[in-house]
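Data first, discussion second: the structure below is written as structure tokens.
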Amino acid sequence: MMKSPIKNKVNLVFIPVSNIEKSKEWYSKILGIQKGEEHFDHLFVADMDGAGMILDTMPMWKDENGKLPRLNFPAIQFATDDIHDSYQFMKDNGVELVTDVQNDQYFVFKDPDGNVLMVCK
């Protein structure tokens, strides 16, 4: 079998957002992001541990009505050491919670653009 030139490593994830500044503030507060870089007036590359995250207004992926695609299932999972503390933090910060803590392991929430995301222990 020929060796693939593609690495078996997740480099980063893109999250579709409608407003870079508002999303940058929200994600920075929720994830404790201290810094990042803005590029091309539509990308924010967050300084993350592990795989990277880019908030992107995705101009080339908008539909004919100018709407962005949304993550309608929890395709991205953020880590925590304390699932109950994390759930309470999200609740205290007015984050839309889709589930309560499930199996003492995870919960699902939405960002301000309606993307469905997960926190897992």
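End of the sequence shown sits at 244 in the numbering used here; the numbers just go up one at a time, nothing left out. We treat Cβ as the ideally placed atom computed from N, Cα and C, and that holds for glycine.
Of the residues the options, which one's Cα is nearest the Cα of residue i?
{"i": "Asn216", "options": "Val239, Ile153 and Val168", "result": "Ile153"}
{"i": "Asp164", "options": "Gln157, Asp170, Ala174 and Lys147", "result": "Lys147"}
{"i": "Asp236", "options": "Met176, Lys145 and Gln211", "result": "Lys145"}
{"i": "Glu161", "options": "Met124, Gly173, Thr180 and Ala174", "result": "Thr180"}
{"i": "Asp172", "options": "Trp184, Lys158 and Lys185", "result": "Lys158"}
For my contact list, residue i and residue j are in at a C-beta cut-off of 8 Å; report their separation, rounded to the angstrom.
{"i": "Leu240", "j": "Pro197", "result": "6 Å"}
{"i": "Ile143", "j": "Asn238", "result": "Between Asn238 and Ile143 the Cβ distance is about 14 Å, and since that is not below 8 Å, they are no contact."}
{"i": "Asp234", "j": "Ile206", "result": "Contact flag wrong, Cβ pair sits at about 19 Å."}
Below 8 Å CB to CB, which residues in the same chain sit around residue i once its five sequence neighbours on both sides are set aside?
{"i": "Thr203", "result": "Ser209, Val242, Cys243 and Lys244"}
{"i": "Phe201", "result": "Leu154, Leu240, Met241, Val242 and Cys243"}
{"i": "Pro182", "result": "His165"}
{"i": "Met213", "result": "Ile153, Leu220, Phe230, Phe232 and Val242"}
{"i": "Gly175", "result": "Asn134, Leu135, Val136, Val168 and Ala169"}
{"i": "Trp184", "result": "Pro139, Leu191 and Pro192"}
Tell me where the beta strand (DSSP E) around residue i begins and ends.
{"i": "Leu166", "result": "Leu166 to Ala169"}
{"i": "Phe212", "result": "No beta strand (DSSP E) contains Phe212, which is instead part of the alpha helix (DSSP H) from Ile206 to Asp215."}
{"i": "Leu178", "result": "Gly175 to Asp179"}
{"i": "Asp202", "result": "The residue asked about is misnamed: residue 202 is Ala in this sequence, not Asp. Its beta strand (DSSP E) spans residues Gln200 to Ala202."}
{"i": "Leu194", "result": "Counting along the chain, Leu194 falls outside any beta strand (DSSP E), and DSSP gives it neither H nor E."}
Quick one: what's residue i bridged to in DSSP?
{"i": "Val239", "result": "Lys233"}
{"i": "Ile129", "result": "Partner(s): none; Ile129 has no beta bridge."}
Let's see if you can read the secondary structure: which residues bound the alpha helix (DSSP H) around residue i?
{"i": "Glu187", "result": "Element bounds for Glu187: n/a, residue is neither H nor E."}
{"i": "Leu154", "result": "Ile143 to Leu154"}
What does a CB cutoff of less than 7 Å around residue i pick up in its chain, not counting 5 residues either side in sequence?
{"i": "Tyr150", "result": "Ile156, Ala169 and Leu178"}
Is there a Cβ of chain C sitting closer than 9 Å to that of residue i, yes or no?
{"i": "Met176", "result": "Chain labels in this structure do not include chain C; a single protein chain is all it has."}
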